[in-house]
Structure formats: structure tokens, C-alpha cells
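Numbering (my numbering), first residue to last: 519 to 800.
Next comes the structure, spelled out in C-alpha cells:
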């Protein structure tokens with residue numbers, strides 16, 4: 519059963535990465551992601567209904583660690599969709615107030631769930647048998663109405679709370695990034711110290727585009743929440759370079775008959791050679 523679950527999660531991540539690469543519009547991206555995630559969660563539910571957990575430990579592990587990875591993505595994209603749908607028209611001052619209010623909602627959740635948040639973040643396990651076993655809920659633990667409306671064969675009293683915590687981390691990053699973008703548009707000084715040396719990209723544009731797609735695919739910026747367009751604009755800004763039609767360039771890279779990742783392969787070979795050189799001064 520675990521192999522089927524892992525396959526579902528890997529396929530979901532691949533599909534979401536593809537959506538983030540190909541769709542620039544935030545609302546359209548969220549709609550597509552939500553549709554895919556819902557179908558994947560339904561497949562996950564069918565897998566659980568058709569199979570039995572071998573032990574209580576396996577059941578706890580699924581509802582504490584595995585299922586929240588799926589549901590957190592649904593919460594994230596659905597929340598971002600609602601935030602962007604309700605975004606007011608107006609200047610940067612109005613937008614900053616709006617996004618800060620949304621951050622306030624995240625803090626309110628944190629304050630309301632502080633006890634469980636500490637339990638989960640600290641890696642505690644002494645209440646797992648109540649939190650993450652089906653049918654073991656305790657009414658004294660301030661249960662959400664969501665639990666009573668959910669499928670008890672596919673839910674425990676606290677697996678949704680874990681998913682909410684994971685989603686909120688990404689939502690916070692998204693909101694903070696939007697605020698940074700607004701500040702940059704206003705010409706605000708960056709909080710980080712500016713380097714004394716200006717770095718100029720002297721490689722080819724195609725090489726930089728290949729590197730950019732690789733970094734975005736790996737999700738190394740903002741826990742994978744950064745848009746490809748934002749990364750491209752950031753690269754263009756710091757290197758003062760025009761990447762042009764980088765999506766078309768990516769299609770050309772993908773169409774290469776041999777060594778599709780030519781630049782990345784060169785980087786790998788050069789770094790390995792440097793590591794093998796014992797006389798290299800670090």
C-alpha cells in the first residue's frame with residue numbers, strides 16, 4: 519500500500535510542478551492545481567478503503583505525516599485562490615494592508631491552536647493515539663466542526679490540523695513575498711546588505727534559462743512556492759539581462775536530440791573535477 523501512496527504523491531508533485539512552469543496566471547494555476555489535487559486525494563481515499571493498516575503505528579504515521587502532505591496542498595492553493603479573488607483594486611498601500619490582514623488571519627490560527635502547534639512542532643508522540651487514530655477522538659480537545667462532517671474512515675481528529683499548519687507555512691511565504699514585491703515596486707531599499715561587487719552573467723542566456731528551470735523544478739526558492747515568472751524577473755534584475763522568450767528557449771532545450779541538460783552536465787563535471795583536485799585551495 520505504501521508504494522501506491524508514494525506513487526500518488528510523486529505524480530501529484532510532478533503535475534503541480536508542470537502547472538507552475540506552464541501557467542503564469544495565479545488564479546488559473548490555482549484552479550488547475552485544485553482539480554488535480556482533488557482527484558489525487560480521491561484516489562488516495564480509495565487506496566485506504568481497499569487496504570488495511572498493518573498496525574496502529576502505521577495508521578498514525580499515515581494520518582500524522584502522509585495524508586497532510588496531500589491535503590496541505592489543497593488548502594494552500596484554495597486559500598491563495600480566495601486571497602487573489604478578493605484582492606482589492608487600488609494602490610500599493612491598500613494592497614499591503616490587505617496582505618497584512620491575511621497574515622493576521624494566519625497568526626490567529628496559530629494563537630488558537632498554540633497547544634497542538636507546540637505538540638506537533640516539538641515532535642511529541644504521547645497523544646498520537648488520540649490525535650491520529652480513527653474513532654479515537656476526545657471531545658474535550660476542542661474539535662473543529664470539520665471533523666464531524668468528514669468521512670471518519672478517512673479522517674482523524676487532528677490530521678486536518680497538521681495539513682493546515684503545513685499549508686500556513688507556505689501561505690505565509692506567499693504573502694510575505696507579495697509584500698516584498700510591493701516594497702520593491704515602491705523603490706524601498708532592500709533589507710539585505712548590497713554587495714560591493716557587481717556580478718555580471720557572462721554565460722549564454724540559454725545556459726541561464728536552463729539553470730533557472732532546474733532551480734524552479736527543484737523548488738529551492740520559498741519552499742517551491744515561487745512562480746517561474748518571478749524567478750525569471752529576479753534573475754533579469756540582479757544580472758541586468760533580458761531573458762526574452764525564455765519559455766520558447768526551454769522548448770528548444772527540451773527538443774535537443776542529445777544532452778538536454780548541457781549546461782547542468784558541464785557544471786556537474788567541472789565541480790567533480792574540482793573536488794578531485796586535492797591541491798585546490800578552498
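We treat Cβ as the ideally placed atom computed from N, Cα and C, and that holds for glycine.
Whether residue 577 touches residue 652 by CB criterion (9 Å): Along the chain shown, read from residue 1 onward, the residue named residue 577 stands at position 59. Along the chain shown, read from residue 1 onward, the residue named residue 652 stands at position 134. Yes, the pair counts as a contact, with Cβ atoms nearer than the cut-off.
Put residue 770 into one of helix, strand or coil per three-state DSSP. As a working note, residue 770 is residue 252 in the chain shown. Helix, per DSSP.
If we count the other Cβ atoms within 10 Å of its Cβ and call it buried at 16 or more, is residue 558 buried or exposed? On the chain shown, residue 558 is found 40 positions in, with the first residue counted as 1. Flag for residue 558 reads buried.
For residue 717, three-class secondary structure by DSSP: By 1-based counting over the chain shown, the position of residue 717 is 199. In the three-state DSSP reduction, residue 717 falls in the coil class, being neither helix nor strand.
For a quick check, are the C-beta atoms of residue 488 and residue 548 less than 9 Å apart? Look at the range of the chain in this structure, 519 to 800, and you will see that residue 488 is not part of it.
Measuring CA to CA, which of 749, 742, 774, 575 is closest to residue 644? Here residue 644 is taken as the residue at index 126 of the chain shown, counted from 1. Among 749, 742, 774, 575, the Cα nearest to that of residue 644 is on 575.
For residue 725, which residues of its own chain have a beta-carbon under 7 Å away from its beta-carbon, when the five flanking residues on both sides are left out? For this step, residue 725 is matched to residue 207 along the chain shown. For residue 725, where only same-chain residues beyond five positions count, the Cβ hits under 7 Å are 781.
Under DSSP, the alpha helix (DSSP H) around residue 724 begins and ends at which residues? Locating residue 724 in the chain shown gives position 206, counting from the first residue. Where residue 724 is concerned, the enclosing alpha helix (DSSP H) stretches over 723–736.
Using 10 angstroms around the beta-carbon of residue 534, count the other beta-carbons present and answer buried if the total reaches 16, otherwise exposed. Residue mapping note: residue 534 aligns to position 16 of the chain shown, counting from 1. The residue is buried, with at least 16 neighbouring Cβ atoms inside 10 Å.
Counting C-beta neighbours from all protein chains within 10 Å, is the total for residue 688 16 or more, i.e. buried, or is it exposed? Position 170 of the chain shown, counting from 1, holds the residue named residue 688. Of the residues assessed, residue 688 falls on the buried side of the cut-off, its CB having 16 or more other CB atoms within 10 angstroms.
Unbroken alpha helix (DSSP H) run spanning residue 696, endpoints: The count along the chain shown starts at 1 and reaches residue 696 at position 178. Start and end: 677–703.
Please name the residue in 532, 539, 545, 592 whose C-alpha comes closest to that of residue 764. As a working note, residue 764 is residue 246 in the chain shown. The alpha carbon of residue 764 has as its nearest neighbour, out of 532, 539, 545, 592, the alpha carbon of 539.
What alpha helix (DSSP H) runs, 4 residues minimum, are completely inside the region 582–612? Complete alpha helix (DSSP H) runs here, min 4: 585–603.
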